[in-house]
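Scroll down for the structure; my scribbles are underneath it.
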Amino acid sequence: MARKVSPYSLGLLVLPLLLAAPAYAQNQVSLIPKPNHVEMHEGGYIFPSATPFAAFEPFMEVAALLYDHPFAQFTAVERIKSHKRIPATGVRLVQARAEDRLTNDAYRLVVDTSGIVITAHQAPAMLNGILTVLQLAYTQPDGRRLPAMVIEDKPRFGYRGLHLDVSRHFYPVSFLEKFIDLMALYKFNTFHWHLTDGAGWRLQINKYPALTQRSAWRTHPAWKDWWHNGRRYLDMGEPNASGGYYTQAEARQLVAYAARKGITIIPEIEMPGHSEEVLAVYPELSCTGRPYQHSAFCIGNEKTFTFLKDVLTEVMAVFPSKYIHIGGDEVDTTSWGTCAKCRTRMEQLGVDSIAGLQNYAVARIDSFLQANGRRLIGWDEILDGGAPKDATVMSWRNVESGLAAANAGHDVIMTPNSHLYFDHYQGNPRTEPEAIGGYIPLQAVYGYNPIPAGLAADKAKHILGAQGNIWTEYMPTTDQVEYMAFPRAIALAEVVWSDPVGRDWDDFNKRLQTHYRLLQQLDVNYYRPSYAVDIHVDFNPDTLTNTVSLTTEQNELGIHYTTDGSDPVAGSTLYTKPIELAVPATIKAAYFVDSARVGGIATAKADIHKAIGKNIVYQTAWDASYPAQKDSTLLNGQKGGEHTGGGQWQGFVNNVDITIDFQRREAINSVAIDFLRDPAANAYLPGEVTVLFSDNGKNFREAGTVTNGAATDSGFREVKTFSIDFDVQQTARYVRVVATNVHNALLLTDEVVVY
Ligand code: ACM
Numbered sequence: 014m015a016r017k018v019s020p021y022s023l024g025l026l027v028l029p030l031l032l033a034a035p036a037y038a039q040n041q042v043s044l045i046p047k048p049n050h051v052e053m054h055e056g057g058y059i060f061p062s063a064t065p066f067a068a069f070e071p072f073m074e075v076a077a078l079l080y081d082h083p084f085a086q087f088t089a090v091e092r093i094k095s096h097k098r099i100p101a102t103g104v105r106l107v108q109a110r111a112e113d114r115l116t117n118d119a120y121r122l123v124v125d126t127s128g129i130v131i132t133a134h135q136a137p138a139m140l141n142g143i144l145t146v147l148q149l150a151y152t153q154p155d156g157r158r159l160p161a162m163v164i165e166d167k168p169r170f171g172y173r174g175l176h177l178d179v180s181r182h183f184y185p186v187s188f189l190e191k192f193i194d195l196m197a198l199y200k201f202n203t204f205h206w207h208l209t210d211g212a213g214w215r216l217q218i219n220k221y222p223a224l225t226q227r228s229a230w231r232t233h234p235a236w237k238d239w240w241h242n243g244r245r246y247l248d249m250g251e252p253n254a255s256g257g258y259y260t261q262a263e264a265r266q267l268v269a270y271a272a273r274k275g276i277t278i279i280p281e282i283e284m285p286g287h288s289e290e291v292l293a294v295y296p297e298l299s300c301t302g303r304p305y306q307h308s309a310f311c312i313g314n315e316k317t318f319t320f321l322k323d324v325l326t327e328v329m330a331v332f333p334s335k336y337i338h339i340g341g342d343e344v345d346t347t348s349w350g351t352c353a354k355c356r357t358r359m360e361q362l363g364v365d366s367i368a369g370l371q372n373y374a375v376a377r378i379d380s381f382l383q384a385n386g387r388r389l390i391g392w393d394e395i396l397d398g399g400a401p402k403d404a405t406v407m408s409w410r411n412v413e414s415g416l417a418a419a420n421a422g423h424d425v426i427m428t429p430n431s432h433l434y435f436d437h438y439q440g441n442p443r444t445e446p447e448a449i450g451g452y453i454p455l456q457a458v459y460g461y462n463p464i465p466a467g468l469a470a471d472k473a474k475h476i477l478g479a480q481g482n483i484w485t486e487y488m489p490t491t492d493q494v495e496y497m498a499f500p501r502a503i504a505l506a507e508v509v510w511s512d513p514v515g516r517d518w519d520d521f522n523k524r525l526q527t528h529y530r531l532l533q534q535l536d537v538n539y540y541r542p543s544y545a546v547d548i549h550v551d552f553n554p555d556t557l558t559n560t561v562s563l564t565t566e567q568n569e570l571g572i573h574y575t576t577d578g579s580d581p582v583a584g585s586t587l588y589t590k591p592i593e594l595a596v597p598a599t600i601k602a603a604y605f606v607d608s609a610r611v612g613g614i615a616t617a618k619a620d621i622h623k624a625i626g627k628n629i630v631y632q633t634a635w636d637a638s639y640p641a642q643k644d645s646t647l648l649n650g651q652k653g654g655e656h657t658g659g660g661q662w663q664g665f666v667n668n669v670d671i672t673i674d675f676q677r678r679e680a681i682n683s684v685a686i687d688f689l690r691d692p693a694a695n696a697y698l699p700g701e702v703t704v705l706f707s708d709n710g711k712n713f714r715e716a717g718t719v720t721n722g723a724a725t726d727s728g729f730r731e732v733k734t735f736s737i738d739f740d741v742q743q744t745a746r747y748v749r750v751v752a753t754n755v756h757n758a759l760l761l762t763d764e765v766v767v768y
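Per our numbering, the very first residue in the sequence shown carries number 14; after that it's consecutive.
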């Protein structure tokens, strides 16, 4: 298919430049998302001081995007009249023909010494080819130089989105443009603009000026301060008023700005919940008639629907998108049950549930949008009680809710908070800026598959794609938005674009290294890969050995470790492959750059203890949500690691109370048990841990108690070991361990270690 290019068949124009410059050092590219097909050739193209530029008529408009190229100067775009008259050099945007064997969403990019030829049937596909050229400019060591290659490429999913919440914090249009620039470079095609929520209404609505004269302004700039200090709005112009809004003209300009880069903006107007800011200025739309009381509109009130339709009418005039997002999540319906108007509405409708009211509200708005030629998107909750048949569901609760929606025949956009909530922590909370909770590192995003496991093949078409959500409660600055979004958005870009068959974390991580150059050039405050070392200990019950793996987010070797309990130094063993240990050991590891330690020292025990595989009786049962490995969990030699995932953390909502039976009297020197504190999972530490011994299994004697000195109910994620060491060796057949649950919380434990 691709013709081989000789490095010597150089056009005269570029010859002097090429001779003067070093050769194409590696002739490789590191594109993200990874194209379906890349073929590298020798030689390449250097943009001359003015690059000839020609395009077929359908591409004249998208051609303008190449003027955004940071290092190349393009002359005016010449119109190509026919395939016989395609210029011999420069950049050429060519109309595909049947013999090109390209689908409508695909492009072919050929770089050789004559220049660049991009071929596509349609403008959106051509745009993606141009965006590839732009990304190469930012990621190659010398952006003016392109190695010879052939790329053929098309997206896996039609919906490739990022969401941004501008209610919890307001960001200027200039930042939104930068955000859209970055989205385009990674071939996202949808920006979901969360414009309204309790913390501020952000879009000018001419018919309801109070929405932007008051509901867009509040007492504190930071959401957290506002949330914990009365949650009050102020009039624009008051000394303390903090916030802002977008005029319709600004929103229209942003729509056009994004469209030029192939991105559709979908506006979200939240209803019937998350509406405190509306009800504060139009209390007659609430059930109580009082502001601040409840977050939901009164569904029995016709004025509510008049308001919502008026607002949506202005929204549709600004946003040409097929979809309008109407929220629908987390509705606080407490007021509906006692509201006379709502009860009357329920009687009229013959519905006997509150969910029926929500369903009625969504269906009514759906009809209105349909009558205006638009389609409704709502969060998962619109399915509760039944969503309109053709509504598109944005699935955020979990992967299963998306599966259910698709199985029910709805089109679904996957945004599960288990993988695609970029407001969750991406590194250790102890060293990260405050975030809302959770833990979604880069690799977890990369490993996500938008097609839920178990989805019938004929239903896969309902998964339109996926989206990363950026809720901004803890992102008071644009710097913080960038920090939380990147590089996780880059991992998602590949998830939604590239063929899953060719996806490989190590390969992605290697390509990502060149994208830090892009992020640095565009002044993006991205999350830098952590120097922290993760220690993973894997016990093999057959050989009674531990395999210890050490990982960091670094791409280069640099971890040094010890197994004797001493602190690692630059001269300690360099980690190159998993460590096999046949005896108990304490592993300490850290990352070094040029002999200097640049991260903290990580410590973990690789235990091979005497209770492994012994019988266990649970006096208190584990909780069904955290069964881990059921009865074998606490004596299987496996530790849980720093996170609730991984299947080794067993949860208890009461005390932990278990008894180990050695089936003969056993010499005992120490008993230890770990607990994981993870506030995001409501998991806290026990008040105290007591160890008791018995020889008959009936009469137990207390052997020791250890109390938790630090706070049990607060703080960051941490694994804490409660250990009782006996100065004098003890003997017992039965060892009972009781850990007290003092906060009605979850106790998470992984192993009882006995020596
Ligand atoms: C959501 O996170 N409530 C959609």
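Virtual Cβ for every residue (Gly too), placed ideally from N, Cα, C.
A quick note: this is a predicted structure, and the numbers were derived from the prediction, not measured.
For Trp-510, same chain residues with a beta-carbon under 7 Å away, outside a window of 5 residues either side, are Pro-46, Pro-168, Arg-169, Arg-173, Lys-200 in chain order. Taking 8 Å as the upper bound for CB-CB distance, Thr-88 and Phe-66 are in contact here, some 6 Å apart. Look at Trp-240 here: in three-state DSSP terms it is helix. At least one heavy atom of ligand 1 lies closer than 7 Å to the C-beta of Trp-392. C-alpha of Ala-133 to C-alpha of Val-75: approximately 12 Å in a straight line.
Annotation for Ala-603: no alpha helix (DSSP H) segment contains it, though the beta strand (DSSP E) segment containing it runs 598 to 606. Counting C-beta pairs with one atom in each stretch, the region 392 to 407 and the region 453 to 473 have fewer than three that are closer than 8 Å, which means they do not touch. Taking 7 Å as the cut-off, one finds at least one heavy atom of ligand 1 near enough to the beta carbon of Trp-409. Glu-283 sits buried, since 16 or more C-beta atoms from the chains shown fall within 10 Å of its C-beta.
In this structure, Leu-760 lies near Ala-752, with their beta-carbon atoms less than 8 Å apart. Taking Leu-370 as the centre and dropping the five residues before and after it, the same chain places the C-beta of Ile-312, Trp-349, Cys-355, Arg-358, Met-359, Val-364 closer than 7 Å to its C-beta, in chain order. Here Trp-662 carries a coil assignment [DSSP, helix/strand/coil].
In this structure the region 578 to 585 does not touch the region 617 to 635; the number of beta carbon pairs closer than 8 Å is below three. Cβ-Cβ distances below 7 Å link Ser-608 to Ala-583 in the same chain, with the five nearest sequence neighbours on each side left out; the list follows chain order. Short of 6 Å from the beta carbon of Arg-524, and not among the five residues preceding or following it, lie these beta carbons of its own chain, in chain order: Ser-43, Ile-45. As DSSP reads the structure, Pro-160 sits in a beta bridge with Gly-57.
Note that the C-beta distance between Asn-372 and Gly-398 is below 8 Å. If you draw a straight line from the Cα of Thr-301 to the Cα of His-307, it is about 8 Å long. Contact annotation: Gly-257 and Phe-183 have beta-carbon atoms nearer than 8 Å. Beta-carbon to beta-carbon, Thr-560 and Asp-551 are separated by about 5 Å, close enough to satisfy the 8 Å threshold. For Leu-149, the enclosing alpha helix (DSSP H) starts and ends at 136 to 152. With respect to the C-alpha of Trp-240, the residue from Asp-210, Asp-674, Arg-215 having the closest C-alpha is Asp-210. When DSSP assignments are scanned along the region 495 to 526, the uninterrupted stretches of alpha helix (DSSP H) that are 4 or more residues long and fall wholly within it turn out to be 501 to 510. Leaving aside the five residues that flank Met-139 on each side, the residues in its chain whose CB is nearer than 7 Å to its CB run, in chain order, Phe-72, Val-75, Leu-106, Tyr-120, Ile-131, Ala-133. In the structure shown, Phe-170 adopts coil according to DSSP, grouped into three states. With a 10 Å radius around the Cβ and a threshold of 16 neighbouring Cβ atoms, Ser-299 comes out buried.
Taking all protein chains shown into account, Gln-651 has 16 or more neighbouring C-beta atoms within 10 Å of its C-beta and is therefore buried. As far as DSSP is concerned, Thr-444 takes part in no beta bridge. DSSP, reduced to helix, strand and coil, places Ser-408 within a strand of the structure shown. For Ala-353, the three-state secondary structure derived from DSSP is helix. Shown here for Arg-678: same chain residues with a beta carbon closer than 8 Å to its own, the five before and five after excluded, namely Asp-708, Thr-744, Ala-745, Arg-746 in chain order.
With a minimum length of 4 residues, the unbroken runs of alpha helix (DSSP H) contained wholly in the region 163 to 223 fall at 186 to 198. Sequence-distant Cβ neighbours of Ala-374 in its own chain, meaning closer than 6 Å and more than five residues away, are Pro-285, Ile-312.
Ser-95 and Phe-69 have their C-alpha atoms spaced approximately 8 Å apart.
Distance from the Cα of His-573 is smallest, within the candidate group Val-596, Tyr-544, Asn-682, for Tyr-544. Within its own chain, the residues whose Cβ lies closer than 7 Å to the Cβ of Met-162, once the five positions on either side in sequence are excluded, are Val-42, Val-51, Glu-52, Met-53, His-54, Val-124, listed in chain order.
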